[in-house]
Amino acid sequence: MDISTLLALSPLDGRYQQKVAALRPFFSEYALIRNRIHVEIEWFKAVTDIPTLTGVASLSAKAVAQLDQFSAHFSIADADAVKSIEARTNHDVKAVEYWLKEKLAGDQEIAALSEFIHFACTSEDINNLSHGLMLKHSRDQVMLPALDGIIKRLTLLARELADIPMLARTHGQAATPTTMGKELANFVHRLRQGRERLAGVAVSGKINGAVGNYNAHMIALPGFDWEAFTRSFVEELGLTFNPYTIQIEPHDGMAELFDAYARINTILLDLNRDIWGYVSLGYFRQKTQADEVGSSTMPHKVNPIDFENSEGNLGLANALLRHLSEKLPISRWQRDLTDSTVLRNMGVALGHTLLAYDSCLKGLGKLQIDATRLSEDLQHTWEVLAEPIQTVMRRYGIANPYEQLKALTRGKAGIDHGVLQQFIEQLDIPEAERARLLQLTPARYIGLAAHLAKNISD
1 MDISTLLALS
11 PLDGRYQQKV
21 AALRPFFSEY
31 ALIRNRIHVE
41 IEWFKAVTDI
51 PTLTGVASLS
61 AKAVAQLDQF
71 SAHFSIADAD
81 AVKSIEARTN
91 HDVKAVEYWL
101 KEKLAGDQEI
111 AALSEFIHFA
121 CTSEDINNLS
131 HGLMLKHSRD
141 QVMLPALDGI
151 IKRLTLLARE
161 LADIPMLART
171 HGQAATPTTM
181 GKELANFVHR
191 LRQGRERLAG
201 VAVSGKINGA
211 VGNYNAHMIA
221 LPGFDWEAFT
231 RSFVEELGLT
241 FNPYTIQIEP
251 HDGMAELFDA
261 YARINTILLD
271 LNRDIWGYVS
281 LGYFRQKTQA
291 DEVGSSTMPH
301 KVNPIDFENS
311 EGNLGLANAL
321 LRHLSEKLPI
331 SRWQRDLTDS
341 TVLRNMGVAL
351 GHTLLAYDSC
361 LKGLGKLQID
371 ATRLSEDLQH
381 TWEVLAEPIQ
391 TVMRRYGIAN
401 PYEQLKALTR
411 GKAGIDHGVL
421 QQFIEQLDIP
431 EAERARLLQL
441 TPARYIGLAA
451 HLAKNISD
């Protein structure tokens, strides 16, 4: 192991760095600086395309190509150079502007227009768009595909186990049977709804100046439609334009996005705990690897560590995600800086989320159903048939059916097929119904569970 990982303060950059590496291109400080460079260059290209503002024709194709090269090939060494400037200026976005001016000074055409780099911008104009790009691209390229992997695996398991009857447990007690496949299908449906909400959140952006009123823009070029121009600019970046802001974009869209992640994480936490419980009951066994150890002292142990790891990271993620969603939309008057340091932790929140996804998927891949163990529980809980028996009695007008079955079964030990058979034999119901109830077993009393599990859509 590289010594740097052993000295990392955060386990995301130490122990788990490989598992969250996919997020590093989006949320590292290098990634933030690279996005700032991209936004600054795109803005420079856009405003220098307004002849009435610059007094000259648009940039040549050669100049535009050179700018695009700077954006596309921004390196770690370039980011280090920006950080060196920041060390002098004590301002991260101004350092980006200065670096760009220095880098482009050798091109006469661009250098002549260099004061249009960061034209009429407040730092938040650059930052909010950069953060928006980071969140949108990480969601679409990393987080949604990772979530899809879990949904796909759960869908396959739901269909595979659709016909495996299982004793349900409401309040932790024996309850109306279901199937293992149907219980997993429930989570598939919930996660798909959560995914749809997450994918549908609009990531907003603005570039309207120091307090959101285009003050500097209008002084520089009064007759120009700056609102339409900036709307087009933001939308061409792939973000949703927010026309009403203070100095900062209010982060309501961010809050909605983080809440959507947190809601999905809560569903996955519920899944992890349920699977953990089924493993504890012996309903699932876990595939083993020869070299793995479950306990330092108990050789027999095969612990559900993947689901436990996932649960723990979901808790950490949601603590951060909920703080982000509660804090970010609040800013004193037109601006305070409390959002700045908080926003630097977006990648931490999503890093723990991605780590939780990885652990959950790994755990799902180890599961092996023990149908015999599920059958044993059903064979010892004939009392769950009190529900269908009293329901048929209601249909045929027998008095006090619920109360009769309550007296027969509630809190009673030794309820078996024979006890129920004797009760059914004396019922005043049609013979066909009596025969149907006599044939009923806990394993057969599953309603539409198998059908619902098999028909969970892709």
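Mapping of the sequence shown onto our numbering: residues 1 to 458, in sequence order. C-beta atoms are modelled at their ideal positions from N, C-alpha and C, and glycine is treated no differently.
Residue i - partner residues in DSSP beta bridges
i	result
R285	Q368
T240	S204
T179	P165
CB of residue i within 8 Å of CB of residue j, strictly
i	j	result
L314	L269	yes
L328	M254	yes
A262	N213	no
R373	G282	yes
V20	L7	no
D339	R285	no
A162	K454	yes
M166	M143	no
G106	V203	no
E383	A174	yes
Rounded C-alpha distance that separates residue i from residue j
i	j	result
S466	Q289	Limits of the chain in this structure are 1 at one end and 458 at the other, which puts residue 466 out of reach.
L408	P442	17 Å
I446	H38	58 Å
L104	G312	48 Å
V201	N186	23 Å
E236	E42	10 Å
I330	P250	8 Å
G149	L156	11 Å
A449	K136	38 Å
A63	E124	27 Å
V47	H73	22 Å
F307	L364	9 Å
L129	E326	20 Å
S138	D68	22 Å
K83	N35	14 Å
Residue range of the alpha helix (DSSP H) that includes residue i
i	result
A61	61 to 72
Q474	This structure gives no information on residue 474, because the portion of the chain shown stretches from 1 to 458.
I151	144 to 160
D306	305 to 327
R139	Looking at the DSSP string, R139 is not in any alpha helix (DSSP H), and its letter there is neither H nor E.
I85	76 to 89
Coil, strand or helix - residue i by DSSP
i	result
S204	strand
P25	helix
R169	strand
A174	strand
P430	coil
S359	helix
N186	helix
S232	helix
F119	coil
S457	coil
W43	helix
R197	helix
E249	coil
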